[in-house]
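This note's numbering runs 3 ahead of the 1-based position in the sequence shown.
Ideal Cβ placement from N, Cα and C applies to all residues, glycine included.
Just so we're clear, the structure is a prediction, and the values are computed from it rather than from any experiment.
Please read the structure below before turning to the comments.
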Amino acid sequence: PAPTDVWSSGMVLLEMLGGSGILNRLLDWPEPVEPSQERGDELMRVFAGNAHLVAEAFEPRFRTIPASLLEILDGLLCVDLGRRWTAKEAICCAWVREATQGGDDAH
(Lines of atoms letter the chains of each structure in order from A and count residues from 1; the text may use other names and numbers.)
(Lines give C-alpha, C1' and ligand atoms only; values in the text may rest on other atoms or scores of the structure.)
Protein backbone atom coordinates (compact mmCIF):
# COMPACT_ATOMS: atom_id res chain seq x y z
CA PRO A 1 0.00 0.00 0.00
CA ALA A 2 1.01 3.61 -0.60
CA PRO A 3 2.25 5.65 2.36
CA THR A 4 -0.40 7.83 3.97
CA ASP A 5 0.24 11.55 4.16
CA VAL A 6 0.19 12.66 7.77
CA TRP A 7 0.30 16.46 7.37
CA SER A 8 -3.38 16.79 8.33
CA SER A 9 -2.82 14.66 11.43
CA GLY A 10 -0.07 17.06 12.47
CA MET A 11 -2.37 20.03 11.92
CA VAL A 12 -5.10 18.44 14.07
CA LEU A 13 -2.60 17.72 16.84
CA LEU A 14 -1.28 21.28 16.60
CA GLU A 15 -4.82 22.69 16.96
CA MET A 16 -5.50 20.39 19.90
CA LEU A 17 -2.40 21.65 21.70
CA GLY A 18 -2.45 25.29 20.68
CA GLY A 19 -6.17 25.86 20.56
CA SER A 20 -8.52 26.60 17.73
CA GLY A 21 -7.13 29.18 15.32
CA ILE A 22 -3.51 28.63 16.32
CA LEU A 23 -2.32 29.08 12.74
CA ASN A 24 -4.18 32.37 12.40
CA ARG A 25 -2.43 33.66 15.52
CA LEU A 26 0.92 32.19 14.55
CA LEU A 27 0.85 33.61 11.03
CA ASP A 28 -0.98 36.82 11.89
CA TRP A 29 -3.90 35.94 9.63
CA PRO A 30 -7.25 37.62 10.21
CA GLU A 31 -10.07 35.38 11.35
CA PRO A 32 -11.88 33.75 9.71
CA VAL A 33 -9.47 32.70 6.98
CA GLU A 34 -10.86 31.38 3.76
CA PRO A 35 -8.81 28.50 2.34
CA SER A 36 -6.94 29.52 -0.79
CA GLN A 37 -3.89 28.53 -2.79
CA GLU A 38 -2.20 31.72 -1.60
CA ARG A 39 -2.72 30.81 2.07
CA GLY A 40 -1.54 27.26 1.41
CA ASP A 41 1.60 28.52 -0.31
CA GLU A 42 2.28 30.92 2.56
CA LEU A 43 1.85 28.13 5.10
CA MET A 44 4.30 25.89 3.23
CA ARG A 45 6.87 28.72 3.01
CA VAL A 46 6.62 29.39 6.74
CA PHE A 47 7.00 25.73 7.72
CA ALA A 48 9.74 25.12 5.13
CA GLY A 49 11.72 28.12 6.38
CA ASN A 50 11.68 26.98 9.99
CA ALA A 51 11.88 23.30 10.78
CA HIS A 52 11.23 23.90 14.48
CA LEU A 53 8.42 26.41 14.10
CA VAL A 54 6.14 24.58 16.51
CA ALA A 55 8.65 24.45 19.34
CA GLU A 56 9.67 28.07 18.91
CA ALA A 57 6.16 29.45 18.50
CA PHE A 58 4.82 27.79 21.61
CA GLU A 59 7.96 27.63 23.69
CA PRO A 60 6.44 29.09 26.87
CA ARG A 61 3.46 26.74 26.70
CA PHE A 62 5.47 23.71 25.54
CA ARG A 63 8.03 23.82 28.34
CA THR A 64 5.85 21.28 30.13
CA ILE A 65 5.15 19.20 27.04
CA PRO A 66 7.54 16.31 26.43
CA ALA A 67 10.22 16.62 23.77
CA SER A 68 8.81 13.44 22.23
CA LEU A 69 5.53 15.26 21.54
CA LEU A 70 7.36 18.11 19.83
CA GLU A 71 9.26 15.49 17.86
CA ILE A 72 6.04 14.00 16.47
CA LEU A 73 4.76 17.46 15.51
CA ASP A 74 8.02 18.23 13.71
CA GLY A 75 7.84 14.88 11.93
CA LEU A 76 4.20 15.23 10.90
CA LEU A 77 4.54 18.86 9.80
CA CYS A 78 7.79 18.55 7.87
CA VAL A 79 7.33 20.24 4.47
CA ASP A 80 9.98 18.08 2.81
CA LEU A 81 8.01 15.00 1.71
CA GLY A 82 11.17 12.91 1.78
CA ARG A 83 11.66 13.70 5.46
CA ARG A 84 8.02 13.93 6.59
CA TRP A 85 7.05 11.01 8.77
CA THR A 86 4.85 8.25 7.51
CA ALA A 87 1.85 7.03 9.48
CA LYS A 88 3.91 4.02 10.52
CA GLU A 89 6.71 6.24 11.84
CA ALA A 90 4.17 8.33 13.73
CA ILE A 91 2.56 5.39 15.49
CA CYS A 92 5.98 3.95 16.36
CA CYS A 93 7.40 7.19 17.79
CA ALA A 94 8.45 7.63 21.40
CA TRP A 95 5.44 9.77 22.39
CA VAL A 96 2.91 7.20 21.18
CA ARG A 97 4.88 4.38 22.82
CA GLU A 98 4.96 6.29 26.11
CA ALA A 99 1.25 7.08 25.90
CA THR A 100 0.25 3.51 25.13
CA GLN A 101 2.53 2.09 27.83
CA GLY A 102 1.22 4.52 30.44
CA GLY A 103 4.43 6.50 30.79
CA ASP A 104 4.15 9.69 32.86
CA ASP A 105 5.88 11.77 30.16
CA ALA A 106 3.06 11.19 27.65
CA HIS A 107 0.51 13.30 29.53
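Expressed to the nearest angstrom, what Euclidean distance is found between the alpha-carbon atoms of residue i and residue j?
i   : j   : result
I96 : A70 : According to the sequence displayed, residue 96 carries Cys and not Ile. Using only the alpha carbons, I get a separation of about 12 angstroms.
D8  : L17 : 16 angstroms
V99 : R28 : 28 angstroms
I68 : G22 : 15 angstroms
E34 : V15 : 18 angstroms
L89 : L26 : Sequence check: residue 89 is Thr here, not Leu. T89 and L26: Cα-Cα distance of roughly 23 angstroms.
Please say whether residue j and residue i have beta carbons closer to each other than 9 angstroms?
i   : j   : result
P76 : G13 : At residue 76 the sequence reads Leu, which differs from the Pro that was named. In this structure, G13 lies closer than 9 angstroms to L76 by Cβ.
L30 : E41 : no
G78 : A93 : yes
DSSP three-state call for residue i: helix, strand or coil?
i    : result
W88  : coil
Q104 : coil
D77  : helix
V49  : helix
D44  : helix
L72  : helix
Looking at the unbroken alpha helix (DSSP H) that takes in residue i, where does it start and where does it end?
i   : result
L26 : 25-30
V36 : Here V36 belongs to no alpha helix (DSSP H), and DSSP marks it neither H nor E.
G21 : 10-21
For chain B, is any of its Cβ atoms less than 9 angstroms away from the one on residue i?
i   : result
E74 : Reference to chain B is not applicable here, since this structure consists of a single protein chain.
Cutting at 6 angstroms between CB atoms, please list the residues of its own chain near residue i, excluding the five before and the five after it.
i   : result
M47 : V82
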